[in-house]
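Numbering (the numbering used here), first residue to last: 325 to 1284.
Glycine included, C-beta positions come from ideal geometry on N, C-alpha and C.
Below is one structure, written out as structure tokens; the observations come after it.
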């Protein structure tokens, strides 16, 4: 498999960033259609527009597109999606940390922070954030080596006001001197929050062995040290920020994307009115000429110490950045062959020998001229002792590709799969679309902004051989990371011990058994679209122990189907031992089918098994055609497959590694997990799962499978492009194979618990060095009325909490407040993670805020409350943006017993009825009872959460 990595910094730290792997090159496609031609824009906007282009889009894409180049050089992509219920924008600026001056590491990142803190028309530090929050929006930004990307989403009718504020980032930022110190502290907090992350630590070491003249190898986050006040006789820090902004922020390197339900003409007018005034300084996107690696320094072998109990080796080779050849994608065929996981693959051979449990191949660390082709192998402890053999086997696999692998049919198979994906592309949310398109717009010709990641114009063997020729021993940079490494040196910014080692002996023998993949038998042939569309699921089958729900859906214009099967057993999570066994069984099922199903995954058929409190869910996603093969084979393996010792040990090792590493996770995540352990039953701690796993054997797992399958209840849901007859036939087949017998009443529920005064402050089991407070204000029952009130309160409290504790009081980088239900149990969470303040100090700040927030509520009337209420309502009813997202929402509803599939609509109606008086009535009770607190300072002993929460009673169920 291929997983490119992109170093970046996400800001401002409270709204999660949709992950970026899909924003750059993914996989590819030929057959397409031109976008529908829009009406001409009116003359007033034409004056600011230099060029209009219509990009190529999928034949099933009903959205309208227009690409503009304004007179000032700014490029804007407009997407009119009449069905969108959120508007989104993303501005990609072609400058990043690679342009940091040598004496101010992190300046680009610091500038990104400063743009959020006031502009001339909107000088308040929270003007932008507050407006978005009042109108159901979110925002964030990131700084990468060559890009800084700012993005938001908002209710469509609020888009003009959001763009008013957003556009001023690039027209009239204040760079408020009163905010410099506080924002420098926030940047430093972000740095400290990530100083123990293994990815950052490895990158810090890698930067020491790459070419120091390549500007992507510097320290990019920034800290109090690197952003310190300048000497008296030099320009101040604020002056340097302004100088950087004026030097690099230019309309010619800005690429804006808007996705919204408004017409193209309306969107064009919004853009030209607000962005045509951005300065045109005649700049171009900076080009990095210096090579990423000095070839005369190779081969090179590096080892570094990991924080986590994890071992990995990466084999890196300098290559030209393949983005230059996006029309042919020459490196993708090599990544496909080296990253394959089927029979005879490099990974299959290493796994069979007990050396590896994961492998990824592909191009990363690209700077648009240079890149690293990387094969990363996740190692077992045995594999860490035999890296030289793994290297020899890798070069044997590369030699096999040289001799047999560069065949046109292999490329054409990839192109065919890319064509299918593009033809039936699902766009995701408006925010994901806007971000992806803005970044693509910065890298590809305007007409290819949608098509570029899929485009494969034909096999070019000579071009592919250039990349293949780079994969030679003398061009290797090998990097191993493991917890046992003792380094002779320490990396400068993330304190990582590392050392260089000698090359392996030349007589190391490779492992045997390598073979290139055969043609893929899972590629769908029948991709006809069915037109049947249902409003909500209906029950097709009901029998003792079994129920099947079905919903035909054609709204995503894809002949794909999502299946969910919940295999429920009364004892699946009755204690940590059973919970571990359920995880082992699900993990074994995936592991034992990995080689056989890898080709299916490449063809678009996914099969996943995961354990939960009620048992195990089997999830199937993919093309309607040939999906039955994957489903049948999965069930055959579950029922009859041999659970061998090697597979059992592989899966147990992966689970144990995950549980051992849990204390290394981000501290705020550990706080939420600790809260869930206390207030949900059953919910076992990672330490209890780890302890239980140590005593289990392969015989225990075989026995568990027999008992588990012998007492089942089966709940199934099929959603997508299939009719009732096919759903009934395939659902009945699964039920006949599993033979479920248990009633619904036989399966215990996952139960939210009521916090009480006897529950003490809880301390997570963690190795992190920061402090944390998570204050949880729990509703008094699970009714829709209580959920509605707390959801609106969460919307109201978000921005003032963030503004006060993060921006003004500078307590830390991770600060958030909002609605945070546990299942259907309503609650508000207030969280601060700090590198400097103690938990006691944080608690005092939270107490002071809560006292003042009551006064804010007292002054609020229904007119003030209306936008917050509407934002919650619209968020609840937000449209599904993918078939999998729709299915997962319906699946959650079914798990709550919402067989009418209308619970969110009923809750949304309750939200609109919430008044300011309702909030004032609810607020005192939240502060007086049912408060749970998770807190941590370095050195705190972890709490026995299970014992401390054993007395808690269930939170009363809904009466509505």
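First and last residue of the beta strand (DSSP E) that includes residue i?
{"i": "residue 473", "result": "472 to 478"}
{"i": "residue 699", "result": "694 to 703"}
{"i": "residue 874", "result": "870 to 876"}
{"i": "residue 862", "result": "862 to 867"}
Could you pull the start and end residues of the alpha helix (DSSP H) that residue i belongs to?
{"i": "residue 1199", "result": "1186 to 1200"}
{"i": "residue 1169", "result": "1163 to 1182"}
{"i": "residue 744", "result": "732 to 747"}
{"i": "residue 1012", "result": "1010 to 1017"}
{"i": "residue 1272", "result": "1269 to 1272"}
{"i": "residue 763", "result": "754 to 767"}
{"i": "residue 722", "result": "711 to 724"}
{"i": "residue 566", "result": "561 to 572"}
{"i": "residue 455", "result": "451 to 458"}
Mind checking residue i: buried by the 16 CB within 10 Å criterion, or exposed?
{"i": "residue 557", "result": "exposed"}
{"i": "residue 355", "result": "Residue placement at residue 355 cannot be trusted, given a pLDDT of 28 that sits under 50; what the coordinates show is reported in the next sentence. Per the 10 Å Cβ criterion, exposed."}
{"i": "residue 687", "result": "buried"}
{"i": "residue 1134", "result": "buried"}
{"i": "residue 1285", "result": "Since the displayed the chain opens at 325 and closes at 1284, residue 1285 lies outside it and no answer follows."}
{"i": "residue 777", "result": "buried"}
{"i": "residue 1151", "result": "buried"}
{"i": "residue 963", "result": "exposed"}
{"i": "residue 710", "result": "buried"}
DSSP state of residue i, grouped into three classes?
{"i": "residue 688", "result": "strand"}
{"i": "residue 1109", "result": "helix"}
{"i": "residue 931", "result": "strand"}
{"i": "residue 813", "result": "strand"}
{"i": "residue 1120", "result": "helix"}
{"i": "residue 911", "result": "helix"}
{"i": "residue 791", "result": "helix"}
{"i": "residue 940", "result": "strand"}
{"i": "residue 415", "result": "strand"}
{"i": "residue 1248", "result": "helix"}
{"i": "residue 1052", "result": "helix"}
{"i": "residue 888", "result": "strand"}
{"i": "residue 1004", "result": "strand"}
{"i": "residue 1255", "result": "strand"}
{"i": "residue 464", "result": "strand"}
{"i": "residue 615", "result": "coil"}
{"i": "residue 443", "result": "strand"}
{"i": "residue 490", "result": "helix"}
{"i": "residue 579", "result": "strand"}
{"i": "residue 1041", "result": "strand"}
{"i": "residue 641", "result": "strand"}
For residue i, collect the residues of the same chain with a Cβ closer than 6 Å to its Cβ; drop the 5 residues on either side in sequence, then sort them by chain order.
{"i": "residue 640", "result": "696, 698, 801"}
{"i": "residue 892", "result": "938, 939, 1037, 1071"}
{"i": "residue 1257", "result": "1085, 1099"}
{"i": "residue 1232", "result": "1197, 1200, 1201"}
{"i": "residue 1244", "result": "1181"}
Could you pull out every residue in the same chain whose Cβ sits closer than 7 Å to the Cβ of residue i, ignoring the five residues on either side in sequence?
{"i": "residue 857", "result": "876, 877, 878, 879"}
{"i": "residue 1087", "result": "1259, 1260, 1264, 1265, 1266, 1267"}
{"i": "residue 1123", "result": "450, 453, 454, 457"}
{"i": "residue 397", "result": "575, 576, 604"}
{"i": "residue 1146", "result": "1000, 1003, 1004, 1076"}
Spatial neighbours of residue i within its chain, please: C-beta separation below 8 Å, excluding the five flanking residues on both sides.
{"i": "residue 1281", "result": "1105, 1106"}
{"i": "residue 1235", "result": "1112, 1115, 1116, 1193, 1196, 1197, 1200"}
{"i": "residue 922", "result": "664, 665, 666, 669"}
{"i": "residue 949", "result": "848, 849, 850, 851, 883"}
{"i": "residue 601", "result": "396, 495"}
For the ligand ZN, I want to know if residue i counts as a neighbour, meaning its beta carbon is within less than 6 Å of at least one of the ligand's heavy atoms.
{"i": "residue 1011", "result": "Among the components modelled here there is no ligand, and therefore nothing to report on the ligand ZN."}
Exercise for review: Evaluate the contact criterion for the region 692 to 711 versus the region 946 to 962: three or more CB pairs, one atom per stretch, below 8 Å.
Suggested key: With the cut-off at 8 Å, the region 692 to 711 and the region 946 to 962 do not touch.
Review point. Are there three or more Cβ pairs, one per stretch, closer than 8 Å when the region 524 to 535 is compared with the region 626 to 644?
Key: Touching, per the Cβ criterion.
Review point. So does the region 765 to 779 actually touch the region 803 to 815, counting three or more Cβ pairs closer than 8 Å?
Key: With the cut-off at 8 Å, the region 765 to 779 and the region 803 to 815 do not touch.
**Study point:** Sufficient close CB pairs (3 or more, under 8 Å) joining the region 602 to 621 to the region 507 to 522
**Key:** With a cut-off of 8 Å, the region 507 to 522 and the region 602 to 621 do not count as touching, because too few Cβ pairs lie within range.
Practice item. Give a yes or no on contact between the region 713 to 731 and the region 646 to 654, applying the rule of three or more CB pairs nearer than 8 Å. Key: Segments in contact, no.
Review point. Quick one: any contact between the region 1056 to 1071 and the region 897 to 914, if contact means 3 or more CB pairs under 8 Å?
Key: Under the Cβ criterion (8 Å, minimum of three pairs), the region 1056 to 1071 does not count as touching the region 897 to 914.
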